[in-house]
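Have a look at the structure below before the remarks.
Protein chains: 2
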Amino acid sequence: MSAISPVLDHLDQQLDHSLQRLFELLRLKSISTDPAFAAECRKGAEWLVADLKSIGFDASVRATPGHPMVVAHHDGPAGAPHVLFYGHYDVQPVDPLDLWESDPFSPALKEVAPRHKVITGRGSADDKGQLMTFVEACRAWKAVHGSLPCRITILFEGEEESGSPSLKPFLEANAEELKADFALVCDTDMWDRDTPSICTSLRGLVGEEVVVTAANRDLHSGMYGGPAANPIRILARILADVHDENGRVTIPGFYDGVEETPSQVLQSWETLGQTAENFLGPIGLSQPAGEKGRSVTEMVWARPTAEFNGISGGYEGKGFKTVIAAEAMAKVSFRLVHKQDPDKIRAAFRKFVEGRLPADCSVAFHPHGGSPAIQLSYDSPFVAKAKSALSEEWPKPAVLTGSGGSIPVVGDFQTYLGMESLLVGFGLADDRIHSPNEKYELSSFHKGQRSWARILDALTR
Amino acid sequence: MSAISPVLDHLDQQLDHSLQRLFELLRLKSISTDPAFAAECRKGAEWLVADLKSIGFDASVRATPGHPMVVAHHDGPAGAPHVLFYGHYDVQPVDPLDLWESDPFSPALKEVAPRHKVITGRGSADDKGQLMTFVEACRAWKAVHGSLPCRITILFEGEEESGSPSLKPFLEANAEELKADFALVCDTDMWDRDTPSICTSLRGLVGEEVVVTAANRDLHSGMYGGPAANPIRILARILADVHDENGRVTIPGFYDGVEETPSQVLQSWETLGQTAENFLGPIGLSQPAGEKGRSVTEMVWARPTAEFNGISGGYEGKGFKTVIAAEAMAKVSFRLVHKQDPDKIRAAFRKFVEGRLPADCSVAFHPHGGSPAIQLSYDSPFVAKAKSALSEEWPKPAVLTGSGGSIPVVGDFQTYLGMESLLVGFGLADDRIHSPNEKYELSSFHKGQRSWARILDALTR
Numbered sequence: 019m020s021a022i023s024p025v026l027d028h029l030d031q032q033l034d035h036s037l038q039r040l041f042e043l044l045r046l047k048s049i050s051t052d053p054a055f056a057a058e059c060r061k062g063a064e065w066l067v068a069d070l071k072s073i074g075f076d077a078s079v080r081a082t083p084g085h086p087m088v089v090a091h092h093d094g095p096a097g098a099p100h101v102l103f104y105g106h107y108d109v110q111p112v113d114p115l116d117l118w119e120s121d122p123f124s125p126a127l128k129e130v131a132p133r134h135k136v137i138t139g140r141g142s143a144d145d146k147g148q149l150m151t152f153v154e155a156c157r158a159w160k161a162v163h164g165s166l167p168c169r170i171t172i173l174f175e176g177e178e179e180s181g182s183p184s185l186k187p188f189l190e191a192n193a194e195e196l197k198a199d200f201a202l203v204c205d206t207d208m209w210d211r212d213t214p215s216i217c218t219s220l221r222g223l224v225g226e227e228v229v230v231t232a233a234n235r236d237l238h239s240g241m242y243g244g245p246a247a248n249p250i251r252i253l254a255r256i257l258a259d260v261h262d263e264n265g266r267v268t269i270p271g272f273y274d275g276v277e278e279t280p281s282q283v284l285q286s287w288e289t290l291g292q293t294a295e296n297f298l299g300p301i302g303l304s305q306p307a308g309e310k311g312r313s314v315t316e317m318v319w320a321r322p323t324a325e326f327n328g329i330s331g332g333y334e335g336k337g338f339k340t341v342i343a344a345e346a347m348a349k350v351s352f353r354l355v356h357k358q359d360p361d362k363i364r365a366a367f368r369k370f371v372e373g374r375l376p377a378d379c380s381v382a383f384h385p386h387g388g389s390p391a392i393q394l395s396y397d398s399p400f401v402a403k404a405k406s407a408l409s410e411e412w413p414k415p416a417v418l419t420g421s422g423g424s425i426p427v428v429g430d431f432q433t434y435l436g437m438e439s440l441l442v443g444f445g446l447a448d449d450r451i452h453s454p455n456e457k458y459e460l461s462s463f464h465k466g467q468r469s470w471a472r473i474l475d476a477l478t479r
Numbered sequence: 019m020s021a022i023s024p025v026l027d028h029l030d031q032q033l034d035h036s037l038q039r040l041f042e043l044l045r046l047k048s049i050s051t052d053p054a055f056a057a058e059c060r061k062g063a064e065w066l067v068a069d070l071k072s073i074g075f076d077a078s079v080r081a082t083p084g085h086p087m088v089v090a091h092h093d094g095p096a097g098a099p100h101v102l103f104y105g106h107y108d109v110q111p112v113d114p115l116d117l118w119e120s121d122p123f124s125p126a127l128k129e130v131a132p133r134h135k136v137i138t139g140r141g142s143a144d145d146k147g148q149l150m151t152f153v154e155a156c157r158a159w160k161a162v163h164g165s166l167p168c169r170i171t172i173l174f175e176g177e178e179e180s181g182s183p184s185l186k187p188f189l190e191a192n193a194e195e196l197k198a199d200f201a202l203v204c205d206t207d208m209w210d211r212d213t214p215s216i217c218t219s220l221r222g223l224v225g226e227e228v229v230v231t232a233a234n235r236d237l238h239s240g241m242y243g244g245p246a247a248n249p250i251r252i253l254a255r256i257l258a259d260v261h262d263e264n265g266r267v268t269i270p271g272f273y274d275g276v277e278e279t280p281s282q283v284l285q286s287w288e289t290l291g292q293t294a295e296n297f298l299g300p301i302g303l304s305q306p307a308g309e310k311g312r313s314v315t316e317m318v319w320a321r322p323t324a325e326f327n328g329i330s331g332g333y334e335g336k337g338f339k340t341v342i343a344a345e346a347m348a349k350v351s352f353r354l355v356h357k358q359d360p361d362k363i364r365a366a367f368r369k370f371v372e373g374r375l376p377a378d379c380s381v382a383f384h385p386h387g388g389s390p391a392i393q394l395s396y397d398s399p400f401v402a403k404a405k406s407a408l409s410e411e412w413p414k415p416a417v418l419t420g421s422g423g424s425i426p427v428v429g430d431f432q433t434y435l436g437m438e439s440l441l442v443g444f445g446l447a448d449d450r451i452h453s454p455n456e457k458y459e460l461s462s463f464h465k466g467q468r469s470w471a472r473i474l475d476a477l478t479r
């Protein structure tokens with residue numbers, strides 16, 4: 019008999035107990051952004067430490083300037099990999115409270131259709147339900163075999179929903195203790211109800227604010243309209259030049275470090291059935307605005323962008339004012355992929371802007387963050403093992419997906435711990451995270467536990 | 019002996035008396051925008067009516083929903099023209115009061131240099147001092163000859179500094195009574211201290227607000243950046259397309275009705291010595307942004323423009339937000355010249371925008387006023403007579419100038435009374451109208467009276 023079968027059986031038998039434990043955690047109002055709930059956050063960390071200790075972890079609440087971290091260690095067999103599991107025990111605020119069908123901190127199991135149950139409550143999907151899938155998998159391994167198949171370090175954060183102010187310093191100060199072969203991050207979704215997903219790429223981000231100044235004061239457009247440079251016109255011209263007619267970014271050097279996605283990966287994305295129609299339809303659009311000749315999936319997961327996130331200048335109120343403004347501002351961001359260098363992109367953009375400025379106008383730039391893209395190799399052995407383990411558990415084989423956004427902790431693990439992350443999660447797009455009536459599928463919770471048990475098993479082979 | 023000489027002598031002799039009368043009017047705090055001064059506004063109208071009656075005008079205070087108008091009539095000889103004189107007796111607020119060197123409503127004569135005196139006080143230049151130059155000219159004509167050389171109607175407004183809400187309805191309701199051969203408007207400046215000016219053109223204006231909508235809600239730029247249309251990008255592209263690389267407006271049909279300024283007029287403007295350096299230098303610029311190959315004077319007085327007066331979209335606050343906005347807005351205005359048709363310009367712009375819009379995006383337009391340009395013929399006999407009269411009075415010959423802005427009353431006279439206006443004023447650019455320490459040159463007041471006496475005389479010949 020394999021080592022995994024009795025663990026899976028144990029998880030099936032103990033599902034009700036695991037639910038009761040999750041409910042205990044969900045009852046704690048660990049809203050990290052509101053100082054009124056600081057004590058509840060601390061209770062959440064303490065509850066997790068006690069639970070991990072009961073499994074045999076060497077667990078402790080670790081103080082930060084904000085809400086505490088939970089760190090726990092458990093040995094594994096020699097030769098097996100050492101993994102760092104990450105999740106967060108803090109949750110989003112619950113207002114507007116009157117839109118909740120039941121109390122957000124009174125979790126319950128609710129049958130929404132025959133043989134279809136969901137766990138309701140704030141944090142059920144984001145991220146308490148998800149992190150507990152891993153804890154339950156460890157508990158079952160210990161119960162059945164008296165040991166864990168890998169050496170495991172656990173890091174639970176209490177500030178993910180409020181900008182993670184303590185994370186970087188904590189990683190830096192405790193790098194030796196937290197370093198592992200790779201990280202497992204459980205804070206993402208499945209592709210769909212039947213298809214598990216491993217996220218292998220996250221786009222990077224460069225944020226930049228640009229302020230164009232022309233005259234030394236606001237001008238009357240009657241007295242000066244014509245001869246006087248108009249910063250809105252200059253800025254519009256610059257922004258219009260950023261893309262060509264095929265949706266490509268024209269900034270010289272912008273595509274340095276961008277790689278073509280392997281054709282077999284593109285083909286596997288095509289099988290997911292995501293089209294311009296079903297991706298753009300729900301947001302009221304139909305025509306992809308990105309680079310011509312590429313699918314919407316590739317645009318979001320594997321292509322860089324230049325986006326204008328804000329623009330402002332002159333008179334913006336009701337009515338009209340015949341003013342020529344002294345300055346105009348735009349907030350511009352670039353999503354990066356592969357090996358694009360945030361510093362080089364920022365410098366290239368600034369040069370691009372400066373080269374388009376009339377000699378008597380000036381520009382000021384204000385940086386707003388920069389982080390490179392995360393790209394796991396599609397053929398990493400860890401990815402292959404996790405993919406096969408997930409494919410055994412779920413109705414459909416696991417897919418490798420990308421994410422158009424960034425998950426800062428993944429970059430931080432890379433920067434401070436020199437460690438890649440494997441992103442596996444069991445949320446669904448309709449879980450209403452951050453919104454009223456958050457839920458987590460009972461199948462996500464149950465099969466999520468089984469998935470982690472299988473992944474831990476697979477990683478040792 | 020000519021009819022004019024004794025009138026001019028009389029004005030010289032009576033200068034002190036005319037100053038005392040002006041001071042009486044300047045002491046009235048007729049701030050039209052502040053309801054607390056409504057009674058003072060009424061006193062201003064009543065003072066003017068009494069003064070005009072003392073000269074022999076049939077004058078009355080005329081109620082409006084806001085501050086009253088003053089209307090006065092005086093007969094003239096058969097065959098002489100009938101002119102409508104316009105000025106306004108209301109003034110701007112006076113704050114910040116602590117920046118005034120003397121009480122704004124305690125007018126005084128101040129010697130600022132040897133043989134250089136100015137009249138200080140709110141309204142001294144804008145517009146009480148100016149309108150009284152005309153009243154004093156009439157008084158002198160009556161005193162010397164017992165009659166006026168023309169039939170004269172006077173209209174003094176009390177709401178010019180607060181948007182003239184009652185003007186249009188009043189003109190419409192009293193069109194028969196107010197209609198004359200042409201209007202004399204005294205609310206403008208001289209070209210410089212020695213050179214009187216007749217303004218013969220005013221640019222028209224079309225204001226338009228354009229709102230581009232893409233997705234049906236704000237989007238996360240990580241999840242949707244690439245495929246999703248960005249309304250700021252669409253708007254920037256549209257605005258950038260409005261001008262070509264030579265500063266010309268590219269909207270089809272935009273230049274319909276624009277005429278080339280006669281070369282002798284352009285030459286006379288060149289003699290004024292206005293250059294890109296001295297026009298743009300004070301506002302911190304050096305390079306004319308308008309149509310290549312034209313002087314800044316021509317750009318402002320005789321060429322149409324497209325200006326972007328405001329722009330807004332997405333996140334404009336501090337910091338950064340990775341949002342793709344659902345909509346973006348721009349306020350666009352067009353300054354019109356000659357025979358450009360505001361309605362056609364508006365329609366052409368809308369078509370221009372619609373033609374550049376992705377099929378799944380939408381646009382809404384909000385009109386913000388439209389008025390055609392005012393263009394007096396450079397060789398009108400009235401203009402020639404006024405020019406020659408002014409040239410006799412001042413050290414340098416009068417120049418025909420244009421104005422880049424609009425003076426609404428001139429358009430309203432055209433629309434409601436079917437009447438052209440002759441714009442002659444004696445203000446100087448440094449009179450600090452609308453600001454603390456407003457002043458009017460004693461020479462403007464004195465030679466302004468003499469100028470009107472000469473113009474009235476010239477118009478009869």
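Protein chains in written order, with the numbering used here: chain A, 19 to 479; chain B, 19 to 479.
The beta carbon of each residue, even a glycine, is placed where N, CA and C say it ideally should be.
Task: Candidates Val88(B), Ile451(B) and Phe41(B), of which the one nearest Leu63(B) by Cα - done: Reading off the sequence, residue 63(B) comes out as Ala, not Leu. The option with the nearest alpha carbon to Ala63(B) is Val88(B).
TODO: Identify the contact partners of Asn248(B) in chain A, using a Cβ-Cβ distance below 8 Å as the criterion.
DONE: Ala307, Glu325 and Phe326
- [ ] Using a Cβ cut-off of 7 Å, pull out every chain A residue sitting near Arg221(B), in sequence order please.
- [x] Gly240
- [ ] Answer yes or no: do Ala201(A) and Leu440(A) have a C-beta to C-beta separation smaller than 9 Å?
- [x] yes
Open item on the list: Closest to Cys59(B) by C-alpha separation, out of Gly97(B), Tyr273(B), Leu223(B) and Pro111(B), would be which residue?
Closed with: Pro111(B)
Open item on the list: Since Arg133(B) and Ser424(B) should fall inside the 8 Å C-beta cutoff, what is the C-beta to C-beta distance between them, to a whole number of angstroms?
Closed with: The pair is not a contact, with the Cβ atoms about 37 Å apart (cut-off 8 Å).
Open item on the list: One question on the structure: do Leu44(A) and Phe152(A) come within less than 9 Å of each other, judged by their Cβ atoms?
Closed with: no
Task: Classification of Ala57(B) by the beta-carbon crowding that lies within 10 angstroms, buried from 16 upward - done: exposed
- [ ] Sort His100(A), Ala346(A), Ser389(A) and Gly139(A) by Cα distance to Gln358(A) and report the nearest one.
- [x] Ser389(A)
Task: Exposure label - Asn296(A); buried when at least 16 CB within 10 Å - done: exposed
Task: Exposure label - Asp34(B); buried when at least 16 CB within 10 Å - done: exposed
Open item on the list: Would Gly225(A) and Lys369(A) be called neighbours here (beta carbons separated by less than 9 Å)?
Closed with: no
Task: Inter-residue Cα distance where the pair is Lys414(A) and Asp210(A) - done: 10 Å
- [ ] Closer than 7 Å, Cβ to Cβ, to anything on chain B: give me those residues from the region 353-386 of chain A, in chain order.
- [x] Arg353, Pro376, Ala377, Asp378 and His386
Open item on the list: Applying the 10 Å Cβ sphere with the 16-neighbour rule, what's the burial state of Gly373(A)?
Closed with: exposed
Task: Limits of the alpha helix (DSSP H) - the one that Ser23(B) falls within - done: Ile22 to Gln31
Open item on the list: Quick check: is the beta carbon of Leu257(A) nearer than 9 Å to any beta carbon in chain B?
Closed with: yes
TODO: Could you check if Pro360(B) is buried or exposed, using at least 16 other CB atoms within 10 Å of its CB as the buried criterion?
DONE: buried
Task: Where Tyr104(A) falls: helix, strand or coil (DSSP) - done: strand
Task: Inter-residue spacing [alpha-carbon to alpha-carbon] between Asp205(B) and Leu375(B) - done: 44 Å
- [ ] Enumerate in chain order the residues of its own chain whose CB-to-CB distance from Ile256(B) is below 7 Å, with the five nearest sequence positions on each side excluded.
- [x] Val371 and Arg374
- [ ] Would you kindly work out how many angstroms separate the C-alpha atoms of Ala191(B) and Ala344(A), rounded to a whole number?
- [x] 42 Å
Task: When Asp449(B), Asp199(B) and Ser48(B) are compared against Phe174(B), the one with the closest alpha-carbon - done: Ser48(B)
TODO: Would you mind sorting Glu309(B) into buried or exposed? The rule is 16 or more other CB atoms within 10 Å of its CB.
DONE: buried
TODO: Would you identify the three-state DSSP class for Gln393(B), choosing helix, strand or coil?
DONE: strand
TODO: Report yes if the CB atom of Ala476(B) is closer than 9 Å to the CB atom of Pro214(B), and no otherwise.
DONE: no
Open item on the list: Would Phe463(A) and Leu40(A) be called neighbours here (beta carbons separated by less than 9 Å)?
Closed with: yes
Open item on the list: Contact between the region 80-99 of chain B and the region 174-190 of chain B is defined here as three or more beta-carbon pairs at a separation below 8 Å; is this criterion met?
Closed with: yes
Task: Residue burial classification, Ala289(A) (beta-carbon count within 10 angstroms, cutoff 16) - done: The question names Ala, but residue 289(A) in the sequence shown is Thr. Exposed: under 16 other Cβ atoms inside 10 Å.
TODO: Please confirm if Tyr273(A) has its CB atom under 9 Å from at least one CB of chain B.
DONE: no
- [ ] Please say whether Lys160(B) and Gly275(B) have beta carbons closer to each other than 9 Å?
- [x] no
Task: C-alpha gap between Ala233(A) and Ala131(B), whole angstroms - done: 33 Å
Task: Contacts that Glu334(A) makes with chain B (C-beta to C-beta distance below 7 Å) - done: Gly328 and Ser330
Open item on the list: Run through the DSSP bridge pairs and tell me what Ile329(A) is partnered with.
Closed with: Ala348(A) and Gly331(B)
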